Amino acid sequence: MRCFWDDRQLAHAPSVELHNGAFVPFAETASRAGSILAAIGPTEAAADHGEAPLRAVHSEDYLAFLWSAHKDWRAAGRAGDASGYAWPVVRRRPLALDRIDARLGAYSFDASSPIAAGTWEAAYWGAQTALSALGAVLAGERAAFALCRPPGHHCGRDYLGGYCYLNNAAIAAEAAIAAGRQRVAILDVDYHHGNGTQDIFYDRGDVLFASIHADPLLDYPFFWGHEDEIGEGEGEGATLNLPLPRGSDLAAYLPALDVALERVTAFAPDLLIVSYGADTFAGDPISHFRIETGDYAAIARRIASLGKPTLVVMEGGYAVDALGANVASFLEGLS
Ligand code: SP5
Ligand code: ZN
């Protein structure tokens, strides 16, 4: 399978994140990419598709904020990584956004996604990596893999969060539609609900979002991913959430996968985008499913049985030593 990667994605390297009331080492490390690269073999470099595909998903003001946030942080005399500490829960309009701290609050939904000096560069090339792999699929490849890092599925049109800054899967979906595809299905199999992707397409009938994830009653991101979220307006019925309990293993996972795949089939997409997170792995340090390395091949084979042109976009997965093998297993099952 053709795999795409750009090493400018390593530029994103925050040092700590807020977790359970204390700062701990940032879990979404650049070494994740090294583990995957060592396991999947040769990759192709990303081509630059410019900013227009980013603007098709994210708002102009959010992109401007993200581009300058770390410089603004430094200009305010701060050291280290930029992170918010106050959020406009009461959304008085217009928001007063003069201060960098106000902007950080307004354009984020958590305090575990710091902006470091290289965040914009890495996120930009992550999106370009997704677009480059999409290009291969649009040109006729049955499947391609985009090694995107930082991941994307938690961030929305105008907010970051969950280690995500640009929504790579959503950017690829919009680009596919701009290139003439009529219907795109996004299957999200990361441990966490892909709240940003859901939000972006919530009122859209031409993009299906189907997600299998840890029940948000107990797990991050808490406020999205419940079964009764089904989309709205023209998008009603084009969002499918399949929360599973902590401790779920392959036997618990496969029935949910079959439900999701039936919905994808009924939707009859021209293109399938898989938001693939390996944080469903039994050994993941921040997650609580029991999927084993070999299980990813079984999951991928079922996805491949749909026979749809498929773009796989990397999302989470934090057991760095096993991450490469988990990704390789998934890609092998897809081939
Ligand atoms: C893309 C993705 O998988 N994002 C996950 C974001 C989850 N963030 C909140 C979970 C809190 C766990 N933090 C533990 C850090 C240990 N170093
Ligand atoms: Zn995740």
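Position 242, counted from 1, in the sequence shown is what our numbering calls 368; the numbers after and before it change by one each time, with no gaps.
C-beta atoms are modelled at their ideal positions from N, C-alpha and C, and glycine is treated no differently.
Quantities reported herein were computed from a predicted structural model and do not represent experimental measurements.
Check your understanding: Nearest to VAL390 by alpha carbon, out of GLU418, GLY433, GLY351, PHE271?
Key -> Nearest in C-alpha terms to VAL390, of all of GLU418, GLY433, GLY351, PHE271, is GLY433.
Exercise for review: Verify the CB distance criterion: does GLY409 have a CB-CB separation below 8 Å to chain B?
Suggested key: Of the protein chains in this structure there is only one, and it is not chain B.
Review point. Taking 7 Å as the line, does the beta carbon of GLY252 fall inside it for any heavy atom of the ligand SP5?
Key: Flag unset: Cβ of GLY252 not near the ligand SP5.
Practice item. Compute the Euclidean distance between the alpha carbons of ASN293 and PRO277, then round it to the nearest angstrom. Key: Computed Cα separation, rounded: 8 Å.
Review point. Looking at LEU437 and GLY297, is the spacing between their C-beta atoms short of 8 Å?
Key: It is Ile, not Gly, that sits at residue 297 in the sequence shown. The Cβ atoms of ILE297 and LEU437 lie no closer than 8 Å to each other.
Review point. In terms of alpha-carbon separation, which member of LYS197, ALA228, ILE303 lies closest to ARG217?
Key: From the listed residues LYS197, ALA228, ILE303, the smallest Cα separation to ARG217 is found for ALA228.
Check your understanding: Does the distance from the CB of GLY322 to the CB of HIS280 come in under 8 Å?
Key -> Going by C-beta atoms, GLY322 is nearer than 8 Å to HIS280.
Check your understanding: For the candidate residues ALA205, ASP375, ASP314, PRO214, whose alpha-carbon lies nearest to that of ALA243?
Key -> If you compare the alpha carbons of ALA205, ASP375, ASP314, PRO214 with that of ALA243, the shortest gap goes to ALA205.
Practice item. Under 6 Å Cβ to Cβ from ALA173, same chain only, skipping five residues before and after it: list those, please. Key: So the list reads SER258, once near-sequence residues are dropped.
Practice item. Pull every residue with its beta-carbon under 5 Å away from any heavy atom of the ligand ZN, and keep them in chain order. Key: Having a Cβ closer than 5 Å to some heavy atom of the ligand ZN are ASP316, TYR317, HIS318, GLY403, ASP405, GLY442.
**Study point:** Contact belief for LEU460 with ARG428 at Cβ below 8 Å, rounded distance in angstroms
**Key:** Contact between LEU460 and ARG428 does not hold, since the beta-carbon distance rounds to 10 Å and is not under 8 Å.
**Study point:** Residues sharing a beta bridge with SER234, DSSP
**Key:** DSSP links SER234 through a beta bridge to LEU286.
Check your understanding: If you draw a straight line from the alpha carbon of ASP314 to that of CYS290, how long is it in whole angstroms?
Key -> Roughly 15 Å between the two C-alpha positions.
Exercise for review: Return the chain-ordered list of same chain residues with a C-beta closer than 8 Å to the C-beta of TYR402, the five sequence neighbours on each side being excluded.
Suggested key: Around TYR402: VAL315, ASP316, VAL438, VAL439, MET440, GLU441, VAL453, PHE456.
Review point. With ALA208 and ALA137 assumed to form a contact (beta carbons below 8 Å), what rounded beta-carbon distance in angstroms separates them?
Key: Not confirmed; about 15 Å, so no contact.
Check your understanding: If you check the beta carbons only, do GLN74 and TRP251 fall under 8 Å apart?
Key -> Past the edges of the chain, shown from 127 to 461, lies residue 74, and the structure says nothing about it.
Check your understanding: Rounded to the nearest angstrom, how far is the Cβ of ALA340 from that of PHE415, given a contact under 8 Å?
Key -> Between ALA340 and PHE415, the beta carbon gap of about 7 Å places them in contact (Cβ cut-off 8 Å).
Check your understanding: Can you find a heavy atom of the ligand SP5 that lies under 7 Å from the Cβ of HIS138?
Key -> Not one heavy atom of the ligand SP5 lies closer than 7 Å to the C-beta of HIS138.
**Study point:** Pairwise C-alpha distance: ALA301 and LEU260
**Key:** Going from the Cα of LEU260 to the Cα of ALA301 covers about 8 Å.
Exercise for review: With a cut-off of 8 Å on the beta carbons, I'd call ASP284 and SER185 a contact; round off their distance for me.
Suggested key: The pair is a contact, with the Cβ atoms about 4 Å apart (cut-off 8 Å).
Practice item. Output the residue ranges of the beta strand (DSSP E) runs that lie fully inside the segment 142 to 224 and measure 3 residues or longer, sorted by chain position. Key: Taking only runs of at least 3 residues, the beta strand (DSSP E) segments lying wholly in the segment 142 to 224 are 142 to 145, 148 to 151.
**Study point:** Pairwise C-alpha distance: ARG275 and ARG158
**Key:** Taking the straight line joining both Cα atoms gives about 9 Å.
Practice item. Indicate whether ALA304 and ILE312 have their beta-carbon atoms separated by less than 8 Å. Key: When the beta-carbon positions are compared, ALA304 and ILE312 stay at least 8 Å from each other.
Review point. For VAL315, which of helix, strand or coil comes out of DSSP?
Key: Taken through DSSP and simplified to helix, strand or coil, VAL315 comes out as coil.
Check your understanding: PRO411 by DSSP, collapsed to three states: which one?
Key -> In the displayed model, PRO411 falls within coil according to three-state DSSP, outside both helix and strand.
Check your understanding: Hey, is CYS274 close to the ligand SP5, as in C-beta under 7 Å from one of its heavy atoms?
Key -> Judged by the Cβ position, CYS274 fails to qualify as a neighbour of the ligand SP5 at the 7 Å threshold, every heavy atom of the ligand being at least this far.
Check your understanding: Who are the Cβ neighbours of ALA139 in its own chain at under 7 Å, not counting the five residues just before and after it?
Key -> Result list for ALA139: ALA156, ALA242, GLY244, in chain order.
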